[in-house]
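Data first, discussion second: the structure below is written as structure tokens.
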RNA sequence: GGCCCGUUCGUCUAUCGGCUAGGACAUCUCCCUUUCACGGAGGAAAGACGGGUUCGAUUCCCGUACGGGCUACCA
């Protein structure tokens with residue numbers, strides 16, 4: 044079989060981290076590559092020097108690594124197709140641009156940005172709100188097709204800045220097969236003369252994507268649906284430069300939509316609706332504004348990946364829970380959907396809960412420990428934390444919930460909800476708990492033994508057990524939540540349990 | 001405006017011409033639980049519309065509507 048080289052391309056920008064759509068594109072690329080024993084290549088471009096941010100490359104790869112999406116080749120991990128940065132490959136693109144010019148497939152355009160917006164203003168109408176630089180208009184602009192040779196020479200001699208534009212054929216039909224959508228056709232008459240090389244000598248995406256994919260022997264390329272309209276330009280460039288037989292197979296992935304209303308999910312939606320949109324947190328270097336990622340919100344990478352995979356793909360059965368290996372095993376590109384999917388944070392949390400239950404506690408103990416540390420409650424006894432996690436995992440949807448659900452194991456509650464019990468508090472109950480405390484010193488320290496003792500004393504003293512359970516819970520936990528009370532007591536230990544009961548008894552005395 | 005893509009419960013989706021339209025999230029009811037959850041059982045909830053093709057269309061075709069994407073020297 045031919046070599047399978049699947050690539051995903053990123054262009055980091057300072058305003059945003061790695062969003063859901065980006066991770067999902069990478070994920071599908073990765074699944075496809077692994078499924079077919081191919082290579083997964085991550086390309087991170089410094090497409091625009093002014094926008095490129097130091098640290099962005101490492102950030103992107105960290106995010107992918109957290110997700111378990113590990114590239115075989117990347118800008119940082121390197122491979123044998125370097126150099127990877129666009130700025131270091133400048134001459135290559137210029138060479139291809141020149142080739143196109145020589146063959147009459149592209150031309151030089153000297154129009155200034157002002158002239159371009161002037162043109163757009165001038166030709167703008169109700170029927171045509173966005174006039175294109177195309178066959179109909181290019182002869183009215185200042186370019187190597189409309190100007191005389193002498194003029195062009197003079198402009199070049201004066202070092203007038205220019206761009207290279209593709210000369211779109213007047214009326215040709217470009218046909219190609221998308222792996223997800225099937226056969227698609229576009230008329231070149233509707234595409235404009237896209238800029239291939241910018242005035243600073245750097246390529247636009249259109250030229251770069253074609254040249255890079257060729258040089259790096261890419262066989263398959265997945266990207267977002269938003270690229271579909273410019274696909275004909277890329278197909279044409281492949282035809283002109285390298286031949287369609289060498290062109291990678293395309294797959295245009297559906298978009299991830301905002302949960303409410305319509306449209307592409309944006310980072311603003313996350314802030315507005317209170318959920319993360321990035322894999323890991325990202326600080327905008329300009330504003331120093333940090334946005335949480337799924338990782339920081341207490342998501343497990345397994346759950347995050349699982350959730351993303353199910354947003355636009357399924358295996359045709361009712362199964363929803365997949366590990367990365369299982370995804371690779373089950374993945375098939377034919378089953379990727381064509382339509383966009385609205386992101387549902389509730390469902391994302393459900394996936395996380397499922398993975399919290401499924402994974403052994405050890406898989407996330409370090410993260411939970413860190414969360415306790417950040418809350419200012421360092422856990423000295425990691426084994427105890429582990430037990431606590433096992434006790435409360437049923438009721439945790441995020442890793443942060445472990446703190447809310449288990450903090451009382453590590454710190455005596457300061458707010459005792461005595462209000463809930465004081466109305467029904469009696470002298471009998473006080474006597475009961477004093478007896479219980481007394482006998483506790485002799486009993487074997489286990490939940491079952493304690494429960495038996497508790498019930499025996501209750502029977503002896505003729506008090507309903509139900510009347511005593513809530514008070515005991517309040518004494519140990521501080522309020523009305525948590526796992527079984529005797530299990531809590533067991534983990535708290537004899538000393539702490541006794542102390543908490545005594546403290547609350549005193550509190551009730553005062554009241 | 002033009003071009004392209006899409007359209008099954010509120011949401012994510014199953015169905016590759018036979019459907020009493022299945023599952024999951026969310027929601028509601030009940031059970032379990034001497035707390036809060038988990039869990040279990042059940043309920044309500046969908047094929048945008050109009051034409052074809054066919055014995056039979058959610059499924060295939062064509063229109064219409066609606067939604068989205070693109071229409072930059074951004075990707």
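Residue numbers (the working numbering): 44 to 554.
From the three backbone atoms N, C-alpha and C, an ideal C-beta is built for every residue, glycine too.
Proximal residues to residue i (C-beta, below 8 Å), its chain only, five neighbours per side dropped
i	result
residue 314	334
residue 441	340, 341, 342, 392 and 395
residue 309	301 and 320
residue 507	501
residue 231	211, 212, 213, 214, 215, 216, 217, 275 and 279
residue 504	471, 474, 475 and 478
Whole-angstrom C-beta distance between residue j and residue i, which should lie under 8 Å
i	j	result
residue 502	residue 519	Contact doesn't hold; Cβ gap of about 22 Å is too wide.
residue 436	residue 469	Contact flag wrong, Cβ pair sits at about 37 Å.
residue 251	residue 136	6 Å
residue 188	residue 182	7 Å
residue 235	residue 176	5 Å
residue 378	residue 349	That pair is no contact at about 16 Å.
residue 409	residue 480	Rounded, the Cβ-Cβ distance is 37 Å, inconsistent with contact.
residue 84	residue 259	7 Å
Cα-Cα separation between residue i and residue j, rounded to whole angstroms
i	j	result
residue 361	residue 375	16 Å
residue 149	residue 239	9 Å
residue 65	residue 209	28 Å
residue 342	residue 322	9 Å
residue 157	residue 185	12 Å
residue 247	residue 198	23 Å
residue 544	residue 458	14 Å
residue 218	residue 411	53 Å
residue 94	residue 324	In this prediction, residue 94 scores a pLDDT of 49, lower than 50, which makes its location untrustworthy; no coordinate-derived value is stated.
residue 453	residue 425	11 Å
residue 456	residue 526	16 Å
residue 301	residue 71	20 Å
residue 273	residue 228	12 Å
residue 297	residue 256	22 Å
residue 159	residue 76	42 Å
residue 138	residue 353	43 Å
residue 122	residue 254	17 Å
residue 462	residue 450	21 Å
residue 521	residue 460	6 Å
residue 465	residue 56	59 Å
residue 179	residue 237	14 Å
residue 130	residue 372	38 Å
residue 387	residue 207	43 Å
residue 344	residue 111	7 Å
residue 90	residue 99	12 Å
Bounding residues of the alpha helix (DSSP H) (the contiguous stretch that carries residue i)
i	result
residue 214	Segment: none, residue 214 is in no alpha helix (DSSP H) and carries neither H nor E.
residue 197	192-200
residue 315	310-316
residue 46	Per DSSP, residue 46 belongs to no alpha helix (DSSP H) and is neither H nor E.
residue 371	367-373
residue 356	Per DSSP, residue 356 belongs to no alpha helix (DSSP H) and is neither H nor E.
residue 515	508-520
residue 162	156-166
residue 65	63-78
residue 401	388-401
residue 446	444-449
residue 303	Premise fails: residue 303 is in no alpha helix (DSSP H) and is neither H nor E.
residue 503	490-503
residue 463	462-465
Delimiting residues of the beta strand (DSSP E) encompassing residue i
i	result
residue 263	263-267
residue 295	292-296
residue 150	149-152
residue 15	Because residue 15 is not part of the residues shown, which for the chain are 44 to 554, the question remains open.
residue 560	Outside the displayed span of the chain (44 to 554) sits residue 560, for which this structure offers no information.
Spatial neighbours of residue i in its chain, beta-carbon cut-off 7 Å, leaving aside the 5 residues before and after
i	result
residue 528	512, 515, 516 and 519
residue 476	544 and 548
residue 271	295
residue 287	281
6 Å Cβ shell around residue i - same chain, five flanking residues per side excluded
i	result
residue 166	174
residue 60	321 and 325
residue 289	none
residue 47	79, 81 and 262
residue 203	153
residue 486	492 and 496
Practice problem: With a floor of 4 residues, list each alpha helix (DSSP H) that falls wholly inside the stretch 224-286, ordered by position along the chain. | Solution: Complete alpha helix (DSSP H) runs here, min 4: 248-258 and 274-284.
Quiz item: Which residue spans inside the stretch 99-153 form an unbroken alpha helix (DSSP H) run of at least 4?
Solution: 99-110 and 133-145
Quiz item: Counting only runs that start and end within the stretch 408-441, where is the alpha helix (DSSP H) found for 4 or more residues in a row?
Solution: 408-417 and 425-435
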